[in-house]
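Visitor: Following this message is one structure expressed as C-alpha coordinates.
Numbering (my numbering), first residue to last: 2 to 216.
Structure follows, in C-alpha coordinates:
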(Lines of atoms letter the chains of each structure in order from A and count residues from 1; the text may use other names and numbers.)
(Lines give C-alpha, C1' and ligand atoms only; values in the text may rest on other atoms or scores of the structure.)
Protein backbone atom coordinates (compact mmCIF):
# COMPACT_ATOMS: atom_id res chain seq x y z
CA UNK A 1 0.00 0.00 0.00
CA UNK A 2 1.17 3.54 -0.71
CA UNK A 3 0.17 6.92 0.63
CA UNK A 4 -1.70 9.11 -1.79
CA UNK A 5 -1.15 12.71 -2.87
CA UNK A 6 -3.91 15.17 -3.65
CA UNK A 7 -2.95 14.88 -7.33
CA UNK A 8 -4.37 11.32 -7.25
CA UNK A 9 -7.85 12.72 -6.61
CA UNK A 10 -8.35 14.71 -9.82
CA UNK A 11 -11.48 12.60 -10.42
CA UNK A 12 -12.94 14.39 -7.38
CA UNK A 13 -11.74 17.83 -8.43
CA UNK A 14 -15.16 19.36 -7.67
CA UNK A 15 -14.56 18.90 -3.91
CA UNK A 16 -13.17 21.62 -1.67
CA UNK A 17 -9.54 21.41 -0.60
CA UNK A 18 -10.35 20.39 2.99
CA UNK A 19 -12.67 17.66 1.66
CA UNK A 20 -9.93 16.38 -0.66
CA UNK A 21 -7.50 16.30 2.26
CA UNK A 22 -9.97 14.22 4.30
CA UNK A 23 -10.58 11.91 1.35
CA UNK A 24 -6.83 11.43 1.10
CA UNK A 25 -6.71 10.47 4.80
CA UNK A 26 -9.20 7.63 4.36
CA UNK A 27 -7.57 6.27 1.18
CA UNK A 28 -4.54 4.25 0.14
CA UNK A 29 -3.06 3.68 -3.30
CA UNK A 30 -2.17 0.24 -4.56
CA UNK A 31 -0.25 -0.80 -7.67
CA UNK A 32 -1.28 -3.86 -9.70
CA UNK A 33 0.40 -5.88 -12.42
CA UNK A 34 -1.31 -7.18 -15.56
CA UNK A 35 -3.68 -10.10 -14.74
CA UNK A 36 -3.54 -9.41 -10.99
CA UNK A 37 -6.86 -9.69 -9.15
CA UNK A 38 -8.54 -6.72 -7.47
CA UNK A 39 -11.48 -8.70 -6.07
CA UNK A 40 -13.33 -11.97 -6.57
CA UNK A 41 -17.01 -12.69 -7.06
CA UNK A 42 -18.61 -12.93 -3.63
CA UNK A 43 -16.12 -10.65 -1.85
CA UNK A 44 -17.51 -7.96 0.43
CA UNK A 45 -17.05 -4.37 -0.75
CA UNK A 46 -14.96 -2.79 2.01
CA UNK A 47 -13.50 -0.16 -0.31
CA UNK A 48 -14.69 2.18 -3.00
CA UNK A 49 -12.30 1.48 -5.88
CA UNK A 50 -11.12 4.35 -8.08
CA UNK A 51 -9.04 3.28 -11.07
CA UNK A 52 -6.53 6.08 -11.69
CA UNK A 53 -4.22 4.34 -14.18
CA UNK A 54 -4.65 1.33 -16.45
CA UNK A 55 -7.46 -0.88 -17.69
CA UNK A 56 -9.61 -3.11 -15.47
CA UNK A 57 -11.76 -6.06 -16.53
CA UNK A 58 -14.96 -7.29 -14.85
CA UNK A 59 -15.65 -10.90 -15.77
CA UNK A 60 -17.30 -14.16 -14.73
CA UNK A 61 -17.53 -17.72 -16.11
CA UNK A 62 -20.34 -19.52 -17.91
CA UNK A 63 -21.52 -23.08 -17.25
CA UNK A 64 -18.74 -24.41 -19.50
CA UNK A 65 -16.12 -22.50 -17.49
CA UNK A 66 -15.51 -20.06 -20.35
CA UNK A 67 -14.57 -16.54 -19.35
CA UNK A 68 -17.30 -13.98 -20.04
CA UNK A 69 -16.17 -10.33 -20.01
CA UNK A 70 -18.86 -8.06 -18.58
CA UNK A 71 -17.15 -4.70 -18.83
CA UNK A 72 -13.73 -3.20 -19.53
CA UNK A 73 -12.99 0.00 -17.60
CA UNK A 74 -10.44 2.63 -18.59
CA UNK A 75 -8.97 5.08 -16.09
CA UNK A 76 -10.18 7.29 -14.58
CA UNK A 77 -13.23 5.38 -13.44
CA UNK A 78 -14.96 4.00 -10.37
CA UNK A 79 -15.11 0.21 -10.37
CA UNK A 80 -18.43 -1.51 -9.54
CA UNK A 81 -19.55 1.39 -7.32
CA UNK A 82 -23.17 0.14 -7.42
CA UNK A 83 -22.02 -2.72 -5.16
CA UNK A 84 -20.93 -0.20 -2.52
CA UNK A 85 -24.00 1.95 -2.96
CA UNK A 86 -26.43 -0.98 -2.64
CA UNK A 87 -24.27 -2.74 0.00
CA UNK A 88 -23.99 -5.95 -2.03
CA UNK A 89 -21.23 -8.50 -2.57
CA UNK A 90 -19.30 -8.32 -5.82
CA UNK A 91 -21.19 -10.23 -8.56
CA UNK A 92 -18.06 -10.74 -10.69
CA UNK A 93 -14.28 -10.91 -10.60
CA UNK A 94 -12.03 -7.97 -11.41
CA UNK A 95 -8.49 -8.14 -12.79
CA UNK A 96 -6.27 -5.89 -14.89
CA UNK A 97 -5.42 -5.84 -18.59
CA UNK A 98 -2.39 -3.58 -17.99
CA UNK A 99 -0.32 -2.33 -15.09
CA UNK A 100 -2.65 -0.23 -12.99
CA UNK A 101 -3.06 2.01 -9.97
CA UNK A 102 -6.18 1.99 -7.80
CA UNK A 103 -7.25 4.19 -4.91
CA UNK A 104 -8.86 2.14 -2.15
CA UNK A 105 -11.24 4.46 -0.29
CA UNK A 106 -12.61 3.25 3.05
CA UNK A 107 -16.29 3.00 2.10
CA UNK A 108 -17.82 3.16 5.59
CA UNK A 109 -16.03 6.43 6.29
CA UNK A 110 -16.77 7.70 2.78
CA UNK A 111 -20.45 6.89 3.26
CA UNK A 112 -20.70 8.71 6.60
CA UNK A 113 -18.66 11.76 5.67
CA UNK A 114 -19.21 12.27 1.93
CA UNK A 115 -22.16 10.41 0.46
CA UNK A 116 -24.79 12.80 1.81
CA UNK A 117 -23.17 15.74 0.02
CA UNK A 118 -25.19 16.74 -3.08
CA UNK A 119 -22.09 16.98 -5.29
CA UNK A 120 -21.06 13.43 -4.39
CA UNK A 121 -24.58 12.06 -4.94
CA UNK A 122 -24.73 13.66 -8.40
CA UNK A 123 -21.23 12.33 -9.09
CA UNK A 124 -22.37 8.78 -8.28
CA UNK A 125 -25.47 9.10 -10.45
CA UNK A 126 -23.44 10.38 -13.41
CA UNK A 127 -20.91 7.58 -13.04
CA UNK A 128 -23.65 4.93 -12.96
CA UNK A 129 -25.50 6.54 -15.87
CA UNK A 130 -22.32 6.52 -17.95
CA UNK A 131 -21.91 2.78 -17.33
CA UNK A 132 -25.57 2.10 -18.22
CA UNK A 133 -25.17 4.01 -21.49
CA UNK A 134 -21.98 2.08 -22.27
CA UNK A 135 -23.80 -1.19 -21.63
CA UNK A 136 -26.75 -0.14 -23.82
CA UNK A 137 -24.36 0.84 -26.60
CA UNK A 138 -22.54 -2.47 -26.28
CA UNK A 139 -25.82 -4.44 -26.46
CA UNK A 140 -27.17 -2.43 -29.39
CA UNK A 141 -24.02 -2.80 -31.44
CA UNK A 142 -23.79 -6.53 -30.74
CA UNK A 143 -27.40 -7.00 -31.87
CA UNK A 144 -27.71 -4.64 -34.81
CA UNK A 145 -24.24 -3.95 -36.21
CA UNK A 146 -22.11 -5.97 -38.56
CA UNK A 147 -18.61 -7.01 -37.54
CA UNK A 148 -16.68 -4.31 -39.34
CA UNK A 149 -18.93 -1.56 -37.95
CA UNK A 150 -18.40 -2.84 -34.39
CA UNK A 151 -14.65 -2.93 -34.96
CA UNK A 152 -14.57 0.55 -36.49
CA UNK A 153 -16.59 2.06 -33.64
CA UNK A 154 -14.43 0.43 -30.99
CA UNK A 155 -11.19 1.60 -32.62
CA UNK A 156 -12.54 5.13 -33.13
CA UNK A 157 -13.88 5.46 -29.56
CA UNK A 158 -10.86 3.89 -27.84
CA UNK A 159 -7.90 5.13 -29.85
CA UNK A 160 -6.01 6.33 -26.76
CA UNK A 161 -5.73 2.81 -25.32
CA UNK A 162 -5.08 0.78 -28.49
CA UNK A 163 -1.39 0.69 -27.62
CA UNK A 164 -2.35 -1.37 -24.56
CA UNK A 165 -4.76 -3.79 -26.25
CA UNK A 166 -3.68 -6.69 -28.43
CA UNK A 167 -5.91 -7.68 -31.33
CA UNK A 168 -7.02 -10.90 -29.64
CA UNK A 169 -8.24 -8.90 -26.65
CA UNK A 170 -10.29 -6.51 -28.81
CA UNK A 171 -11.90 -9.49 -30.56
CA UNK A 172 -12.82 -10.89 -27.15
CA UNK A 173 -14.32 -7.58 -25.98
CA UNK A 174 -16.41 -7.34 -29.15
CA UNK A 175 -17.43 -11.01 -29.03
CA UNK A 176 -16.08 -11.58 -32.54
CA UNK A 177 -14.18 -14.74 -33.50
CA UNK A 178 -10.42 -14.19 -34.02
CA UNK A 179 -10.76 -15.36 -37.63
CA UNK A 180 -13.51 -12.85 -38.46
CA UNK A 181 -11.65 -10.11 -36.63
CA UNK A 182 -8.46 -10.79 -38.62
CA UNK A 183 -10.35 -10.70 -41.94
CA UNK A 184 -11.98 -7.36 -41.14
CA UNK A 185 -8.67 -5.87 -40.00
CA UNK A 186 -7.07 -7.03 -43.24
CA UNK A 187 -9.76 -5.12 -45.16
CA UNK A 188 -9.15 -1.93 -43.13
CA UNK A 189 -5.42 -2.31 -43.58
CA UNK A 190 -5.76 -2.81 -47.34
CA UNK A 191 -7.68 0.48 -47.50
CA UNK A 192 -4.85 2.18 -45.53
CA UNK A 193 -7.23 3.01 -42.69
CA UNK A 194 -5.18 1.23 -40.04
CA UNK A 195 -1.86 -0.46 -39.57
CA UNK A 196 -1.25 -3.37 -37.23
CA UNK A 197 2.17 -4.35 -36.02
CA UNK A 198 3.13 -6.89 -33.34
CA UNK A 199 -0.53 -7.43 -32.49
CA UNK A 200 -1.36 -3.75 -31.86
CA UNK A 201 -3.47 -1.41 -34.02
CA UNK A 202 -2.88 2.20 -35.05
CA UNK A 203 -5.42 4.39 -36.88
CA UNK A 204 -4.07 6.05 -40.04
CA UNK A 205 -7.23 7.58 -41.55
CA UNK A 206 -9.87 8.67 -39.04
CA UNK A 207 -12.30 9.99 -41.66
CA UNK A 208 -12.43 6.72 -43.59
CA UNK A 209 -12.77 4.75 -40.38
CA UNK A 210 -15.69 6.94 -39.32
CA UNK A 211 -17.43 6.20 -42.61
CA UNK A 212 -17.93 2.63 -41.43
CA UNK A 213 -19.87 3.79 -38.35
CA UNK A 214 -23.60 4.53 -38.46
CA UNK A 215 -24.87 6.87 -35.73
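Ideal placement from N, C-alpha and C gives every residue a C-beta, glycine not left out.
Under 8 Å, with one C-beta from each stretch per pair, do the stretch 48-59 and the stretch 77-93 reach the 3-pair mark?
Guide: Segments in contact, yes.
Visitor: Would you be able to state if there are at least three C-beta pairs under 8 Å between the stretch 109-125 and the stretch 8-24?
Guide: With a cut-off of 8 Å, the stretch 109-125 and the stretch 8-24 count as touching, because enough Cβ pairs lie within range.
Visitor: Answer with buried or exposed for residue 145, where buried requires no fewer than 16 other C-beta atoms within 10 angstroms of its C-beta.
Guide: Here the model assigns residue 145 a pLDDT of 47, short of 50, so the residue's position is not dependable, and the following value carries that caveat. When all chains shown are included, residue 145 counts as exposed.
Visitor: Does the Cβ of residue 15 have 16 or more other Cβ atoms within 10 Å, making it buried, or fewer, making it exposed?
Guide: exposed
Visitor: Since residue 57 and residue 95 should fall inside the 8 Å C-beta cutoff, what is the C-beta to C-beta distance between them, to a whole number of angstroms?
Guide: 6 Å
Visitor: Which word fits residue 178, buried or exposed, when buried means at least 16 other C-beta atoms lie within 10 angstroms of its C-beta?
Guide: exposed
Visitor: Would DSSP call residue 57 helix, strand or coil?
Guide: strand
Visitor: In this structure, how does DSSP classify residue 9 when only helix, strand and coil are distinguished?
Guide: Under the three-state reduction of DSSP, residue 9 is assigned to helix.
Visitor: Rounded to the nearest angstrom, what separates residue 89 and residue 107 at their Cα positions?
Guide: 15 Å
Visitor: Alpha carbon to alpha carbon, how far is residue 34 from residue 60? Give it in angstroms, no decimals.
Guide: Taking the straight line joining both Cα atoms gives about 17 Å.
Visitor: Quick one: grab the DSSP three-state call for residue 81.
Guide: coil
Visitor: For a test of the three-state rule: what should DSSP assign to residue 174, helix, strand or coil?
Guide: helix
Visitor: Using three-state DSSP, classify residue 30 as helix, strand or coil.
Guide: strand
Visitor: With H, G and I counted as helix, E and B as strand and the rest as coil, what does DSSP make of residue 113?
Guide: Residue 113: helix per DSSP, three-state reduction.
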